[in-house]
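Note sheet for the following structure.
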């Protein structure tokens, strides 16, 4: 079963290079809305297995990557395609919002 992978400042760029689509959850341990989004990211990792790599980046432990993508509020979820950000979602939202944004970019076969 697919689960979100942990990424950090050291392996972030390599993760983007290795995967066509990467959905990154920029979060922190103390962030309540981040904890609300975490189960949604778990579900998306399973549902989009083989199509989208779901990753989590702790902004407190990895400030360089958070600053590089101008993450000012958390949770911020960014969808990368071929290493470039194509969707930015800030704040907790229902799963349907994330699915709609993902499906604009990722071909989903029924």
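Residue numbers (full-length UniProt numbering): 1 to 110. The beta-carbon is built from N, C-alpha and C at its ideal position, and this holds for glycine as well. Since this is a predicted model, take the numbers as computed values, not measurements.
- Query: residue 105 and residue 48 look like a contact to me (Cβ under 8 Å); what is the Cβ gap, rounded to whole Å?
  - Reply: Indexing the chain shown from 1 puts residue 105 at position 105. Indexing the chain shown from 1 puts residue 48 at position 48. Contact between residue 105 and residue 48 fails: their C-beta atoms lie close to 11 Å from each other, not under 8 Å.
- Going along the chain, which residues of its own chain have a beta-carbon closer than 7 Å to the beta-carbon of residue 45, five neighbours each way excluded? Residue numbering aside, residue 45 sits at position 45 when the chain shown is read from its first letter. Closer than 7 Å at Cβ, skipping near neighbours: 2, 3, 4, 54.
- On the three-state DSSP scale, how would you describe residue 86? Residue numbering aside, residue 86 sits at position 86 when the chain shown is read from its first letter. Strand, per DSSP.
- Query: Distance, Cα to Cα, residue 69 vs residue 41?
  - Reply: Start at 1 with the first residue of the chain shown, and residue 69 comes out as number 69. Start at 1 with the first residue of the chain shown, and residue 41 comes out as number 41. The alpha-carbon atoms of residue 69 and residue 41 are separated by roughly 20 Å.
- Item | Beta-carbon proximity check, residue 27 vs residue 59, cutoff 8 Å | Here residue 27 corresponds to residue number 27 of the chain shown, with the count starting at 1. Here residue 59 corresponds to residue number 59 of the chain shown, with the count starting at 1. Closer than 8 Å, so yes.
- Query: When the Cα atoms are used, what is the spatial distance from residue 67 to residue 73?
  - Reply: Position 67 of the chain shown, counted from the start, is the residue given in the question as residue 67. Position 73 of the chain shown, counted from the start, is the residue given in the question as residue 73. Cα-Cα distance, rounded: 11 Å.
- Message: Report the start-end ranges of each alpha helix (DSSP H) in the UniProt domain "Thioredoxin" (1-107) that is 4 residues or longer and not cut off at the edges.
- Response: Segments of the alpha helix (DSSP H) lying fully in the UniProt domain "Thioredoxin" (1-107): 12-18, 32-47, 63-68, 95-103.
- Message: Measuring straight from C-alpha to C-alpha, what distance separates residue 77 and residue 90?
- Response: By 1-based counting over the chain shown, the position of residue 77 is 77. By 1-based counting over the chain shown, the position of residue 90 is 90. Rounded to the nearest whole angstrom, the CA to CA distance from residue 77 to residue 90 is 6 Å.
- Task: Mark residue 103 as exposed unless 16 or more other C-beta atoms lie within 10 angstroms of its C-beta, in which case mark it buried.
- Result: As a position in the chain shown, residue 103 is number 103, starting the count at 1. By the neighbour-count rule (16 or more Cβ atoms within 10 Å), residue 103 is not buried but exposed.
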